[in-house]
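Peer 1:
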Amino acid sequence: MRTAAGRKATAMPRKPAPAVAPWVRTRLRTAPGTAWAFALLVLVTAFLAAALPRTVDGYETEGLRHHLATAAPAKAVLGVTTLLPRVAAEGGIEPQRLAEDRAALEELLPPPLRADPRESVHGVRTTKRVTGLDPWLPRPFGIAPEFTMATPSGLDEHTTVREGRLPARADAVKGTSEAAVTTATATSLKLKVGSVVHVPDKFSAAPLAVTITGIVDPVRPAGAYWSVEPLLRDPVYAVVPRGDGSQFYWQAGLLLPPAAGPVLLTGNGEPELYWRLTPATGHLTAQDTPELGEAVASLSGGPGLVRVREAIGRNGAVDTDLDEVVGAYRGMRAAIAPVVAVAAFGIGAVAAVVLAMTGGLFAARRSAELALLRSRGGSLAGIGVRLLGETAVLALPAAGLGLLLATVLLPEARFLPALASASAVALLATLALPLRALFLHRRPLAHGGRQDLVDARPSRGRTVAELTVLVLAVGAVVALRRRGTDDSGDYLVSAAPVLVALIAALVLVRLYPLPLRWAARPARRLRGAVGHLSLARAGRSSATGALPLLALLVALSTAAFGGSVLAGVADARDRAALLETGADARIAGNTDGMPLPAGLTTAVRGSAGVRDVTAVQIEYGLALPEGTGRTREASSVPLVGVEPESYTRLARQTGFGPFSAGLLTSTGTGGRIDHDRVLPAIASPAVARRLGGEPRSVTAAAGEFKVRIVAVRPSTPALPGGDFLLVNAADLTNRADTDLLASGPSVDGKALRATVAAASPNLSVVLRTERRATYVDSPMQSGAERIYLAAIGAGAGYAVLAVLLSLTQSAPERATLLARLRTMGLTRRQGRRLLAFEALPQALLAAVGGTLVGWATILLLGPGVDLVRLSLAAAPGFAVLDGASLRADPWSLGLPALGVVVLTGVAAVLQAWWSARTGAIKELRAGDAR
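Just so you know, we're using the working numbering here: the sequence shown kicks off at 4 and counts up by one.
1. DSSP three-state call for Leu-808: helix, strand or coil?
2. Three-state secondary structure (DSSP) at Thr-85?
3. Starting from Ala-320, follow its DSSP beta bridges and name the residues at the other end.
4. Can you check which of these residues, Leu-642, Val-231, Ala-427, is closest to Ala-74 by C-alpha distance?
5. Could you tell me the distance, in whole angstroms, from the CA atom of Tyr-623 to the CA atom of Pro-155?
6. Hey, how far is the Cα of Pro-717 from the Cα of Pro-688?
7. Please determine, among Val-645, Ala-721, Trp-39, the residue with the shortest C-alpha to C-alpha distance to Glu-583.
8. So, for Asp-726: in the same chain, excluding its five sequence neighbours on each side, which residues have a beta-carbon less than 6 angstroms away from its beta-carbon?
9. Within the same chain, show all residues whose beta-carbon is closer than 8 angstroms to that of Ala-934, passing over the 5 residues directly before and after it, in chain order.
10. Please confirm whether Ser-303 and Thr-323 have their CB atoms less than 8 angstroms apart.
11. Quick test of your reading: Ala-554 and Val-345, contact by CB under 8 angstroms. State the CB separation rounded to the nearest angstrom.
12. Given a cut-off of 8 angstroms on the beta-carbon distance, is the pair Lys-193 and Ile-215 in contact?
13. How about Leu-295 and Val-329: are their beta carbons less than 8 angstroms apart?
14. Is the distance from the Cβ of Ala-745 to the Cβ of Ala-586 below 8 angstroms?
15. Counting only runs that start and end within the stretch 119-197, where is the alpha helix (DSSP H) found for 4 or more residues in a row?
16. Is it right to say Leu-55 is buried, meaning 16 or more other beta carbons lie within 10 angstroms of its own, or is it exposed?
17. Nearest to Val-80 by CA position, among Thr-672, Ser-370, Ala-283, is which residue?
18. Express the C-alpha separation of Leu-430 and Pro-893 in angstroms, rounding to a whole number.
19. With DSSP as the reference, label His-444 as helix, strand or coil.
20. Please state the DSSP three-state secondary structure of Asp-291.
21. My output table needs one value for Leu-627: the three-state DSSP class, helix, strand or coil.
22. What do you get for Ala-401, buried or exposed, if any count of 16 or more other CB atoms within 10 angstroms of its CB means buried?
23. Near Glu-109, what residues of its chain come up, given a Cβ to Cβ distance below 6 angstroms and the 5 sequence neighbours on each side ignored?
24. Rounded to the nearest angstrom, how far is the Cβ of Leu-728 from that of Val-643, given a contact under 8 angstroms?
25. Looking at the structure shown, is Asp-60 part of a helix, part of a strand, or coil, going by DSSP?
26. Any idea what DSSP makes of Thr-610, helix, strand or coil?
27. Measure from the alpha carbon of Ala-263 to the alpha carbon of each residue in Thr-179, Leu-111, Ala-227, then state which is nearest.
28. Under the DSSP definition of a beta bridge, which residues are partnered with Gly-270?
29. Is it the case that the Cβ atoms of Ala-241 and Tyr-252 are separated by a distance below 8 angstroms?
30. Which value, in whole angstroms, describes the spacing of the CA atoms of Leu-935 and Ala-705?
31. How many angstroms separate the CA atom of Gly-351 from the CA atom of Leu-404?
32. Report yes if the CB atom of Arg-279 is closer than 8 angstroms to the CB atom of Val-124, and no otherwise.
33. I need the boundaries of the beta strand (DSSP E) containing Ile-685, first residue and last residue.
34. Can you list, in chain order, the residues of its chain with a C-beta nearer than 8 angstroms to that of Gly-897? Leave out the 5 residues immediately preceding and following it.
35. Output needed for Gly-157: all residues of its chain with C-beta closer than 8 angstroms, excluding positions within five of it in sequence on either side, in chain order.
36. Kindly indicate which residue of Phe-442, Arg-439, Leu-399 has the alpha-carbon position closest to the one of Leu-422.
Listed below in structure tokens is the structure:
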């Protein structure tokens, strides 16, 4: 029978088993420094991965807005017009009705089009200029001025009244109206407040009377409100139509009040209603480009135009060149995108390899621990889940923080591409260690095996896999070479550096040990064991694997490609600027053919920074004799008179059509009137085809003579961008220099302009450096350049990490080796030499391989990469530059490779120094890893 005490003892619960420390927390506390370093690497990589698509989105969006904002207002504005007589009968000419129609048109705009109310305008305007009948109006050459009349809305918001007041009254019955003019119009047409301008009336012999009530200054004169029809802002001194070009007359604009629409009906200016809707750009993004093009097409001749006509009448029309502006943006974007994608692919590949190397380093450092777990029955799944937990608890928060930083620092961009990029980084960082560990320990390993290449022979499966990847990569490169790089959406083009680096890495890893082992044999005969031992160890070191070499090769090739792109862009801009000016500075009159003042050449030659000055005489529009007509021939051409000696020096310096001065030897007939004299001439190809090889007569303001082509050059400094006929200026009958071309390494623009202004106020100075500076104002250009600069910097950083990770992986083995050799008499100096000599062959392999891969990448992509749009997209005349091809930049190829060698040597020496300071007790313990 059980006692009460026994029953009480039986009822007491069992003591709980002692708690086991969580695996993840224990591992992170064991190596906190390593954990923080890994998290930092993931954070930086995730930030860069998320920032790249957001940066591209940002500068592409800014580029679209910049394109629309800087386009000529006449191209970007949506101009809606309709004939006036139909709507006048329906009362549609009233200001209130026009405002209502404008509101309806703004609502009909298909998305993403929106109107900018600040620069949009509506009203009535004359489509035909009307003649000013007053005899007191300025009449150069006896020709009366002509006026464009308009009733723009919002005149009070877009003008500042200088004198008088804004117009307000108009009477169609009496044929009178008030009007305002700008200050420029009032000055040129001699108008003042109270002046009455009379213009013809279509229905009466009595003219319409327009009284000037105010003189105004435009607000934002460069905006679309004033710039679409600039005649309302600035008068024009125009050439008489169908004349000989020697007679001029005035054209100007009159600003009538909104109520003056009926008055314009009685005139003979053929009035029309107009609504000019300026597109707003602040809400547009690069992703709106397709919809924007479709919206413009719909308004120009699709459903949008039908809705417009329903709103304002069946005669309504929409006129715009916005589709050309959007098309130009698309062209620039398509030209820049593949060049930027090369940097993105390269840096992405380097980052992925470094993350994989990090997982490999962790797996190697914990190889004994994981082998012990496997030998004691640990399952692959159990070990993998625990390792996955270790990396996930670090990688996921770090990647999330990197994504958050990229989102905060780059706010105006899409979120999903950044999320996908950061997620890919987090996934790779999380899986690198578990996958590498599971692969190495898929079978229990015996303790004590060698880790170098003496026993670690590649398996047949690995050999087959490497050969398969090698064949695929070579095939892709061959296909790319045959097909070219025209497809901007082809990822094969962007991955070219990675493919070439992959081929080189697979080949070099296999071939690398052979020359070192051959070199180690004669090194045995040298005094001391350092040389032979270092070469022998370098030939079988496990640190020279495919991943470290691939990382270095891709980083070096990407840096070389990026540096070559930047160098090519700089060269293209330098050449384009030189094409515009012909020299470091160009001095010319404000009008073509204006002679230069006497003594100006001497004064310019003495200006600060000027080394040489060449005077030329340029006469435009020289009519050429009839040619053969079989090929394209120039019918008129500029005639250029030069001084052969100085001009030849300039041609050699610029590279534009250099020639021997003896080709233009003077005939000694300068200043004479002799139609039969024959002058030697140098011509452009088109002019040479027209004139042929025989002497041909030409008639110019500089004289009448015959020319014989003695040489053909594609360009010349005086006129680098077109056809020309070059002769010796000393042989011209009428000699008058029109342009000065100044050369010097550091021309002082301020001093040069002061010198020129002292000679004449009607001269202009154009500096090559100033023209070059105008080429870099497009957000897409500057954004792409920033991407490449960041790619070069990130590539250098990841290359440093790859070197350090490679050396760190084999650091314990080298420390043990040094400790054992010191017991045999190895000195500290010999230890440093041993580690340096062991590491340098690997660094030299990466440096030489990276240089060759970079050169091969440029050779592969160079013919298909045109840097004109990236270099000169903002230049008004970039079409004069035929092309800007990619070329190898020696600095970009050599400096990064040299940096890898120096870094590796310094790291090896520092490791030897640190090993000597820390002592050798730990490394000499029996049973430790070797």
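C-beta: ideal position from N, C-alpha, C; glycine also.
Peer 2: By the coordinates alone:
1. If DSSP states are grouped into helix, strand and coil, Leu-808 belongs with the helices.
2. strand
3. Answer is Thr-84.
4. Val-231
5. 41 angstroms
6. 6 angstroms
7. Ala-721
8. Ala-637, Val-640, Ser-687, Ala-689, Val-690
9. Within the shown structure, residues of the chain are numbered from 4 to 933, placing residue 934 beyond reach of any answer.
10. yes
11. With a Cβ gap of about 17 angstroms, Ala-554 and Val-345 do not count as contacting.
12. no
13. With respect to Val-329, Leu-295 sits close: the two C-beta atoms are nearer than 8 angstroms.
14. yes
15. 186-192
16. buried
17. Cα-wise, what sits closest to Val-80 is Ala-283.
18. 38 angstroms
19. coil
20. helix
21. coil
22. buried
23. Ala-118
24. Their Cβ separation, rounded to whole angstroms, is 7 angstroms, which keeps Leu-728 and Val-643 in contact under 8 angstroms.
25. helix
26. One point to set straight first is that residue 610 is Ser, not Thr, in the sequence displayed. Coil at Ser-610, not helix or strand.
27. Nearest C-alpha to Ala-263 among Thr-179, Leu-111, Ala-227: Thr-179.
28. Secondary-structure assignment with DSSP links Gly-270 through a beta bridge to Asp-204.
29. yes
30. An answer regarding residue 935 cannot be provided, because it is not within the stretch 4 to 933 covered by the chain.
31. 19 angstroms
32. yes
33. In the DSSP assignment, Ile-685 falls within the beta strand (DSSP E) that extends over 681-686.
34. In the same chain as Gly-897, and ignoring 5 residues on each side of it, the C-beta atoms closer than 8 angstroms to its own belong to Thr-854, in chain order.
35. Val-124, Tyr-228
36. Leu-399
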